[in-house]
Every structure is written in C-alpha cells, then in structure tokens.
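Student: In our numbering, the protein residues as written are 22 to 463.
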RNA sequence: GCGGGCGUCGCCAAGUGGUUAAGGCAGUGGCUUGUGGCGCCACCAUUCGGGGGUUCGAGUCCCCUCGCUCGCCCCA
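This is how it looks when you write it as structure tokens:
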C-alpha cells in the first residue's frame, strides 16, 4: 500500500514545533485582553461572492489564488483567503456594527492557491485585528501600536515599520490617471509584468521589484503630490502620533497594498531576515468595505500577521543545535509498573494522581510492560521529576516507591516506600523533600 | 502559471558505471526476570522518489514523471 502525503502547501505542525505556536498565541491573546479587544470566530468557508466583492475582482488573490468549488447545492464556495471580509460580513450580519464601534481579533488558517516558498504555504495562519467604526487617526496608531508591541514582546528583532497613505478613492482615481498618462510615454522601458499592469492595476507598478522599472519610477509623479490636503493632514496626524509613542517607522511612498479595500493609512512590518516574503504584518484603513458589503457606512482599520513568518523569525538563531531541544511539556511523575496486580493498581493510581484535589500532577503511565530498568530509563528521558515504582509487592501492601529522577543518574538516592494514600496527599515540595535526600550519597 | 537547485533508512549522511549500498543519531531486543548514567552485543534500505532507456553491468549516464525547495508574480 502506497503511503499518502499531505497536499502541497499544507503542512503538519509536529509536537516539536507546536510550543512556539502556543507561545505566540498566548502572547497575542494577552495583548488583546489588555487592549480590550474581543475575539471573533468565523467559518473557514464562505460564499465566493463575499471575497470577490470585498477584496476586489481584479486582485491576484481573487483572480487566481482562491480555493473555490461548488457544494452539493451548486453554490460557489471559497475557503477564506484572508480574514477581514469574513469578520466584516459577520459584524454586519449580526448587527454588531449597528451596536457601535467594535474592537475585534481573530486567528486561524487561511487558504491561497500559490506555489509554496519560504514563508508561504497554501494553508497558512494569521492573527488579525479589526477596528470597526473608528475614524480617528489615533485608531490607526493604536492598531499599529498593538501589533508592534506584540512583536516586541515576543522578542522579534530587526523589524521595520513601513508606512504610506493611499489617500481617498478620489485621490487615487485622479492619481491613477496621471500615472498612466506618464507611464504610457515610457511604456517600452517597463518590464513585461508592469506593462500588463498598466491596464489592470497601474498603482501596483509602484512596488515592482524590477530595478529598471524602479529607476524609471524615480521620475514619475507621486501619489503624495496628488493627495488632497485633508488626506495629507490625516496622514501627518498618524505620523506625529507614532512619533509620540516612540514607534520608529519609515515612510515608503511605494507601498501599495494588493487588496482593493485599503485607503488612507497602509503599513507593513517587515524583517530583513525573512527572504523574499519579508512582510510579517500588514494592514491599513478600509473605510469603504463595510458599506461595500452591504452594511452602513463605517470607517475601519485592521491588520493581519502571518504566523508561519513569525515562527520562522522566532526559530532562527537556535537552529544550530543538532536536534532541536524538545520543548514538549514533561510530566511531573512517570509511573513505572510491573505485574498484573501492580499494573492494574498503577492505572488507577495514575488517574487519581491527575485528579488530586490539591495540586494535580501531570502523570505519564508506562504501558509497555517492559522490565523495571527499561521503564526507569524511559522515565528519565520523559523529563519527569519523580518516578513512581509499583509492582505486585507494593500494590499488595497499598504502597508505592518514590524515586527522584534529578541528577546524572550515577548516584542513587534511595527510594522512599510510602503508602499510596500518603503519596496522594503530599504536595510537590514535600515530595521533593522525601525523594530528594540521597540515602548515603554515592 | 514561469524559472533555478535538490531527491540514498524516521533524521543527518558516505557513495562520481563493476561483484555483498559506509557511518552517526533515534528506535527495538539483550548483557542486567524489580532499579537509573556510561559501556558492550544484536536487529534496523533485496534497495537508492517513481517509470522507461543506454550498458555485459547503474544509486551513479540519458529521457519522462512525481515530490521537495528557493525565486518570479502576489501577499501574511
């Protein structure tokens, strides 16, 4: 029988990697709690139209990256490629936006049909924040600050915050015409991709990675010049507020986000240590989206951060170690057992240990039926603090042997024989006191 | 969708056309029927991602295919 593999771009997270993810999730949760942001969970599957309308028909995400299929009722369904559209849909559907401003966060898998590469999978994970119903420039800054502080708290270094303003829809329409007019005159100097985009999405030519195109762009009209005064003032307000918070940023006039709903503030937090896909967190303002999806006019800002890219950053540095240190949670107690009576008794004792009213213990029960020596070896490797030895003799007497597992294993602290009832009543310190004293040294 | 690199045991990894595919780690059993580290012994790829071809002979050369990986596009 041929063994099966996961689908391309769908990765398994093995027990060795899972602790890093848990740490990120726990830290994010704590930061959201402190900022009074509530969690929202939405389905992974939505009606295709939600994304087509929300993200924009012309975008790459909608045009060629969606996992779309028909369900049994011939409805076109799509695995969510991002979180914002779903959150907005849910907020409208359940009248959240009507109840006032919402401070929401979400997390979970997203799906995009692309060729996998470093920092990019087909199923990937995001944690995101959405502020619905906030127009003040300070809301942009608070959103950014929460992302920044979260990343700092996680200990990610070498990050840079890039900031730009996309202005209003009017600003962009006006600028687009101007840019196209200018680029038309230099069409032959553009790379093929950019020539294509001249017709489909000219603004995106601005962040082309082609050096020749970038050189050409140096002389092109800029979006900043085309901005209305109010747009410009709004952006300055965001910048000064960031400065007051001492959050370093760089203005990047070429920063254009690929999703249609962004306007005014757009930002990315990038790392130079990530390779080609350098953006860890990206977001911006999307004042038109709620209305676009059938809700009342509602200003909004948000961002999403890519979990696997964050994990990549947090896992660097300690990749020298041959075998990554196993960070799996170790049990407190490893139960070594033998004999039919002993084994049966151990099963029961392990359970009662986990259910202790005071200080429940994490217990791993050896189920191998191997000899004591083998089991004790395994006990040491498990990382447990104590081993509990239980054979027929101890079981018959209602006792257990307690063994401290610390140390190099050369010196043999004596076991303590104690009654099972006593063992179950003792706290960790008392157990240490009992088992920790070597009887007679080496 | 388009380019580059790579595919030998769960992981790392020798092998560059000649009879039997090193080694290390991990794992399993034993030395040691109920006591720990270390050590020693044994077992652990009829087969080199898959298929076809060249050759007396291929893991080693050629073709196709699948997969992984990095990059382009785009994004988190």
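Even glycine gets a Cβ: it sits at the ideal position worked out from N, Cα and C.
Buried or exposed for residue 292, going by 16 or more other Cβ atoms inside 10 Å?
Tutor: Looking up residue 292 in the first chain gives position 271. Burial call: buried.
Student: Would residue 189 pass as a contact of residue 252 if the rule is Cβ separation under 7 Å?
Tutor: Along the first chain, read from residue 1 onward, the residue named residue 189 stands at position 168. Along the first chain, read from residue 1 onward, the residue named residue 252 stands at position 231. Result yes, Cβ atoms of residue 189 and residue 252 sit closer than 7 Å.
Student: In the DSSP assignment, find the beta strand (DSSP E) that holds residue 226 and state where it starts and stops.
Tutor: If you number the first chain from 1, residue 226 lands on position 205. Careful: residue 226 lies outside any beta strand (DSSP E) and carries neither H nor E.
Student: In the structure shown, what three-state DSSP assignment does residue 131 receive?
Tutor: For this step, residue 131 is matched to residue 110 along the first chain. Correct three-state label for residue 131: strand.
Student: Buried or exposed, going by whether 16 or more other CB atoms sit within 10 Å of the CB of residue 233?
Tutor: In the first chain, residue 233 corresponds to position 212, counting from 1. Exposed, because fewer than 16 other Cβ atoms sit within 10 Å of the Cβ of residue 233.
Student: What is the DSSP secondary structure of residue 105, counted as helix, strand or coil?
Tutor: On the first chain, position 84 is the one that residue 105 refers to. In this structure, residue 105 counts as helix in the three-state DSSP scheme.
Student: Kindly indicate which three-state DSSP category residue 164 falls into: helix, strand or coil?
Tutor: Here residue 164 is taken as the residue at index 143 of the first chain, counted from 1. Three-state result, residue 164: helix.
Student: What do you reckon, are the CB atoms on residue 154 and residue 127 nearer than 7 Å?
Tutor: Along the first chain, read from residue 1 onward, the residue named residue 154 stands at position 133. Along the first chain, read from residue 1 onward, the residue named residue 127 stands at position 106. It is not a contact, given that the beta carbons lie outside the stated cut-off.
Student: Touching or not, the segment 271–286 and the segment 184–199, by the rule of three or more beta carbon pairs under 8 Å?
Tutor: Because the criterion of three Cβ pairs below 8 Å is met, the segment 271–286 and the segment 184–199 touch.
Student: Buried or exposed, going by whether 16 or more other CB atoms sit within 10 Å of the CB of residue 215?
Tutor: As a first step, residue 215 is located in the first chain; it is residue number 194 there, counting from the start. By the neighbour-count rule (16 or more Cβ atoms within 10 Å), residue 215 is buried.
Student: Anyone know if the C-beta pair for residue 405 and residue 449 falls short of 7 Å?
Tutor: For the purposes of this step, residue 405 is taken as residue 384 along the first chain, with counting starting at 1. For the purposes of this step, residue 449 is taken as residue 428 along the first chain, with counting starting at 1. It is not a contact, given that the beta carbons lie outside the stated cut-off.
Student: For a test of the three-state rule: what should DSSP assign to residue 52, helix, strand or coil?
Tutor: As a first step, residue 52 must be located in the first chain, where it is residue number 31. If DSSP states are grouped into helix, strand and coil, residue 52 belongs with the helices.
Student: How many angstroms separate the CA atom of residue 99 from the CA atom of residue 89?
Tutor: Translated into positions along the first chain, residue 99 becomes position 78. Translated into positions along the first chain, residue 89 becomes position 68. Distance between the alpha carbons of residue 99 and residue 89: 4 Å.
Student: I need the DSSP call for residue 347, collapsed to helix, strand or coil.
Tutor: Here residue 347 is taken as the residue at index 326 of the first chain, counted from 1. Note that residue 347 has pLDDT 45, beneath the 50 cutoff, so the model's placement of it is unreliable and no number is given.
Student: Can you list, in chain order, the residues of its chain whose CB lies under 8 Å from that of residue 279, leaving out five sequence neighbours each side?
Tutor: Translated into positions along the first chain, residue 279 becomes position 258. Counting only Cβ-Cβ distances below 8 Å, and skipping sequence neighbours, we find 80, 81, 82 and 225.
Student: Rounding to the nearest angstrom, what Cα-Cα distance links residue 325 and residue 164 in this structure?
Tutor: If you number the first chain from 1, residue 325 lands on position 304. If you number the first chain from 1, residue 164 lands on position 143. Taking the straight line joining both Cα atoms gives about 11 Å.
Student: Using the Cβ count rule (16 or more neighbours within 10 Å means buried), how would you classify residue 27?
Tutor: Start at 1 with the first residue of the first chain, and residue 27 comes out as number 6. Label assigned to residue 27: exposed.
Student: Measuring alpha carbon to alpha carbon, tell me which residue in 62, 69, 108 and 241 is nearest residue 97.
Tutor: Taking the first chain and counting its residues from 1, one reaches residue 97 at position 76. Nearest option by C-alpha distance: 69.
Student: Name the two residues that bound the continuous beta strand (DSSP E) containing residue 328.
Tutor: Looking up residue 328 in the first chain gives position 307. Unbroken run through residue 328 is the alpha helix (DSSP H), 328–336; no beta strand (DSSP E).
Student: My output table needs one value for residue 196: the three-state DSSP class, helix, strand or coil.
Tutor: On the first chain, residue 196 is found 175 positions in, with the first residue counted as 1. Correct three-state label for residue 196: helix.
Student: List in chain order: all unbroken alpha helix (DSSP H) runs of 4+ residues lying wholly within the segment 228–307.
Tutor: 232–238, 244–247 and 250–265, all fully within the segment 228–307.
Student: Starting from residue 95, trace the alpha helix (DSSP H) both ways and give me its first and last residue.
Tutor: On the first chain, residue 95 is found 74 positions in, with the first residue counted as 1. It is not in any alpha helix (DSSP H) - residue 95 carries neither H nor E in the DSSP assignment.
Student: Quick one: grab the DSSP three-state call for residue 70.
Tutor: Locating residue 70 in the first chain gives position 49, counting from the first residue. Helix at residue 70.
Student: Three-state secondary structure (DSSP) at residue 455?
Tutor: As a first step, residue 455 must be located in the first chain, where it is residue number 434. Correct three-state label for residue 455: helix.
Student: Given this structure, state the Cα-to-Cα distance separating residue 345 from residue 354, to the nearest angstrom.
Tutor: Taking the first chain and counting its residues from 1, one reaches residue 345 at position 324. Taking the first chain and counting its residues from 1, one reaches residue 354 at position 333. Since pLDDT at residue 345 reaches only 40, below the 50 mark, its modelled position is unreliable, and no value is offered.
Student: The beta strand (DSSP E) that contains residue 148, what's its start and end?
Tutor: Counting from one through the first chain, the residue named residue 148 turns up at place 127. Unbroken beta strand (DSSP E) run through residue 148: 144–153.
Student: State buried or exposed for residue 329, treating a residue as buried only when at least 16 other CB atoms are found within 10 Å of its CB.
Tutor: Here residue 329 corresponds to residue number 308 of the first chain, with the count starting at 1. Counting Cβ neighbours within 10 Å, residue 329 comes out buried, since at least 16 surround it.
Student: Compare the Cα-Cα distances from residue 85 to each of 77, 59 and 166 and report the closest residue.
Tutor: Taking the first residue of the first chain as position 1, residue 85 is located at position 64. Residue 77 is the option with its Cα nearest to residue 85.
Student: Locate the alpha helix (DSSP H) running through residue 378, then write down its first and last residues.
Tutor: The count along the first chain starts at 1 and reaches residue 378 at position 357. Segment: none, residue 378 is in no alpha helix (DSSP H) and carries neither H nor E.
Student: Less than 8 Å between the CB atoms is what I'm expecting for residue 410 and residue 424, so what's the real figure, rounded?
Tutor: As a first step, residue 410 is located in the first chain; it is residue number 389 there, counting from the start. As a first step, residue 424 is located in the first chain; it is residue number 403 there, counting from the start. Their Cβ separation, rounded to whole angstroms, is 6 Å, which keeps residue 410 and residue 424 in contact under 8 Å.
Student: Tell me where the beta strand (DSSP E) around residue 181 begins and ends.
Tutor: Here the question's residue 181 lines up with position 160 in the first chain. Unbroken beta strand (DSSP E) run through residue 181: 180–186.
Student: Following a CB-centred definition, is residue 356 positioned closer than 6 Å to any heavy atom of the ligand NAD?
Tutor: With respect to the ligand NAD, the structure offers nothing, as it holds no ligand at all.
Student: Could you compute how far the alpha carbon of residue 342 sits from the alpha carbon of residue 437?
Tutor: Position 321 of the first chain, counted from the start, is the residue given in the question as residue 342. Position 416 of the first chain, counted from the start, is the residue given in the question as residue 437. With a pLDDT of 33 at residue 342, under the threshold of 50, the modelled position of that residue is not reliable, and no figure is offered here.
Student: So, are the CB atoms of residue 223 and residue 200 less than 7 Å apart?
Tutor: Position 202 of the first chain, counted from the first residue, corresponds to residue 223. Position 179 of the first chain, counted from the first residue, corresponds to residue 200. It is a contact, given that the beta carbons lie within the stated cut-off.
Student: Count the C-beta pairs between the segment 293–303 and the segment 171–186 that are closer than 8 Å, then say yes if the count reaches three, no if not.
Tutor: Cβ pair count under 8 Å is three or more, so yes.
Student: Using only the alpha-carbon positions, how far apart do residue 335 and residue 130 sit?
Tutor: Locating residue 335 in the first chain gives position 314, counting from the first residue. Locating residue 130 in the first chain gives position 109, counting from the first residue. Roughly 19 Å between the two C-alpha positions.
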